[in-house]
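S.K.: Residue numbering for the sequence shown is 2 to 97, as defined by the working numbering.
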Amino acid sequence: MPQKPKKIPMRMCVGCREMKPKKELLRVVRSPEGEVSLDMTGKKPGRGAYCCFSADCLRRALKQGQLDRQLEVKLSDEVNQSLTDTMNRLLEEARA
Numbered sequence: 002m003p004q005k006p007k008k009i010p011m012r013m014c015v016g017c018r019e020m021k022p023k024k025e026l027l028r029v030v031r032s033p034e035g036e037v038s039l040d041m042t043g044k045k046p047g048r049g050a051y052c053c054f055s056a057d058c059l060r061r062a063l064k065q066g067q068l069d070r071q072l073e074v075k076l077s078d079e080v081n082q083s084l085t086d087t088m089n090r091l092l093e094e095a096r097a
């Protein structure tokens with residue numbers, strides 16, 4: 002009997018609203034304690050939202066309040082700046 006092809010989990014980017022394979026997206030997570038951060042492993046506990054590996058998508062998601070809505074929390078300016086800084090650092094590392 003032939004093996005079924007493995008199903009690839011798809012998620013929607015909160016910035017551009019495109020469906021993409023989960024592995025291509027970056028997870029933003031709100032921990033049970035209420036702390037919001039980027040989740041590199043995709044395994045941190047808490048409520049998650051997915052964003053493309055792009056500063057533009059993250060900026061759009063923050064500007065439109067999509068992350069606030071998905072994570073069910075009002076993000077402060079410090080958290081927004083922290084997420085943006087972390088994304089920029091990751092993009093720099095990927096280029097190097």
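Even glycine gets a Cβ: it sits at the ideal position worked out from N, Cα and C.
Ordered along the chain, which non-local residues of its own chain (more than five positions away) have a Cβ less than 8 Å from that of R60?
M.R.: So the list reads G16 and T85, once near-sequence residues are dropped.
S.K.: Report the partner residues of S38 according to the DSSP bridge assignment.
M.R.: V30, per the DSSP bridge assignment.
S.K.: Short check: CB of F54 to CB of L27, under 7 Å?
M.R.: Cβ distance < 7 Å, so F54 and L27 count as in contact.
S.K.: I need the DSSP call for R61, collapsed to helix, strand or coil.
M.R.: Three-state DSSP puts R61 in a helix.
S.K.: Based on Cα-Cα distance, which residue from V74, K7, A62 and P46 lies nearest to R18?
M.R.: Of the candidates V74, K7, A62 and P46, the one whose C-alpha sits nearest the C-alpha of R18 is A62.
S.K.: Using the rule of at least 16 other Cβ atoms within 10 Å of the residue's Cβ for burial, across every protein chain shown, is A50 buried or exposed?
M.R.: With 16 or more other Cβ atoms within 10 Å, it is buried.
S.K.: For the candidate residues Q65, C52, V80 and R96, whose alpha-carbon lies nearest to that of M20?
M.R.: The residue with the shortest Cα to Cα distance from M20 is C52.
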